[in-house]
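K.L.:
Here it is, the structure, as structure tokens.
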Amino acid sequence: MPELPEVETVKQALLPVLENRRVLSAFVGRSNLRWPLPENLAKRLKNRVFTRLTRRGKYVLMHLDSDEVLLLHLGMSGSVRIHQKKPDLGRHDHFMLEMAPQLGTFGRSYVVLNDPRRFGWIDLFAESEILKHKLLAGLGPEPLGNKFSAARLEFAFKDRSVPVKNALLNQALIAGIGNIYANESLFLSGISPRRKAGTITGVRAERLATAIVTTLNAAIEDGGTSLRDHVQPGGEIGYFVQRLAVYGQAGKPCPRCSSLIKTIIQSGRSSFYCSRCQR
Ligand SMILES: [Zn+2]
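Per this note's numbering, residue 6 is the first one in the sequence shown, and the count goes up by one each step.
Take a look at the structure:
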């Protein structure tokens, strides 16, 4: 499931294809994904120009010259492909943008959204509604934003008795983190996934906040590298092999102390940790 770094990588890959370019046509293959798609979506996108792309949590926000925002939610299984020639669409390709050439060039570009499980979504709404949007309104602080700090993390987790691992997955407390980077951040900070969120204060909050930023930035860097080094034949972007210390490594030696990595289930999700290094 795409988390903040994968979504950021998708955003970066889409930038040259969308920014300052005009939509020649949009294809909308069905009336709903996770929720109904906006009415007249294709018609409303035609001839619009993308002015800039941003990201909030796990969502890509594509801003249009109509003062509207096209929101991309990749859900569980969504992926994006970029083509230079019009592709044949498969049954799970639900949406496509045909983009006019960049100024001074001839080549059109095609952006395709594939989503076999259809937990993803696309929305189009007025820029002025961003703060009220149902997926954006309740989001916690952006971990790579300027305002993120140990104090903000401590405040978000204050008095919470849920395990810190579960608190990290709660998008209302901190945005963009999923199971992979929650596990990795906890390992890097030396904090047990079972520790109560409310006990993450002081130096511990400093360690966790730093570990979150370090982990996410390293993954984004890997994503950028994979974009540069592996232009895949199918044009697919956004997924790459992460350098993982504990996630999925149950029974393997801890990279720090060589004890075996343990796994437990917390709220239905697997946690991986080293019981010697993480307290
Ligand atoms: Zn260890």
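Ideal Cβ placement from N, Cα and C applies to all residues, glycine included.
Just so it is clear, the structure is predicted and the values come from calculations on it, not from any experiment.
Measuring CB atoms only, is the region 96-110 touching the region 30-42, in the sense that at least three cross pairs come out at less than 8 Å?
P.N.:
Segments in contact, yes.
K.L.:
Do the CB positions of residue 131 and residue 73 come within less than 7 Å of each other?
P.N.:
Here residue 131 corresponds to residue number 126 of the sequence shown, with the count starting at 1. Here residue 73 corresponds to residue number 68 of the sequence shown, with the count starting at 1. Yes, the Cβ-Cβ distance between residue 131 and residue 73 is below 7 Å.
K.L.:
Determine which residues share a DSSP beta bridge with residue 241 and list them.
P.N.:
Along the sequence shown, one-based indexing puts residue 241 at 236. For residue 241, which the question treats as bridged, DSSP gives the partners 86.
K.L.:
Based on the DSSP output, what are the partners of residue 73 in its beta bridges?
P.N.:
Residue 73 sits at position 68 when you count from the first residue of the sequence shown. Partner(s): 131.
K.L.:
Below 8 Å, how does it come out for the region 117-136 and the region 178-191: are there three or more Cβ pairs, yes or no?
P.N.:
Not touching, per the Cβ criterion.
K.L.:
Does the region 195-206 come close enough to the region 145-164 that 3 or more CB-CB pairs lie under 8 Å?
P.N.:
They touch, by the three-pair rule.
K.L.:
Between the Cα of residue 155 and those of 61, 211 and 27, spot the shortest distance and give me the residue it belongs to.
P.N.:
Translated into the one-based positions of the sequence shown, residue 155 becomes position 150. The candidate whose alpha carbon is nearest that of residue 155 is 211.
K.L.:
Quick check on the DSSP output: the alpha helix (DSSP H) that includes residue 185 runs from which residue to which?
P.N.:
The residue labelled residue 185 in the question sits at position 180 within the sequence shown. Its alpha helix (DSSP H) spans residues 184-194.
K.L.:
Grab me the residues of residue 124's own chain with a C-beta within less than 6 Å of its C-beta, minus the 5 sequence neighbours each way, in chain order.
P.N.:
The residue labelled residue 124 in the question sits at position 119 within the sequence shown. For residue 124, where only same-chain residues beyond five positions count, the Cβ hits under 6 Å are 39, 80 and 81.
K.L.:
In terms of residue numbering, what span does the beta strand (DSSP E) encompassing residue 349 cover?
P.N.:
The question about residue 349 has no answer, for the chain in this structure spans 6 to 284.
K.L.:
Please report how far the alpha carbon of residue 56 lies from the alpha carbon of residue 50, in whole angstroms.
P.N.:
Here residue 56 refers to the residue found at position 51 of the sequence shown. Here residue 50 refers to the residue found at position 45 of the sequence shown. When rounded, the distance between both Cα atoms is 13 Å.
K.L.:
For residue 44, name the three-state secondary structure that DSSP assigns.
P.N.:
Looking up residue 44 in the sequence shown gives position 39. Coil.
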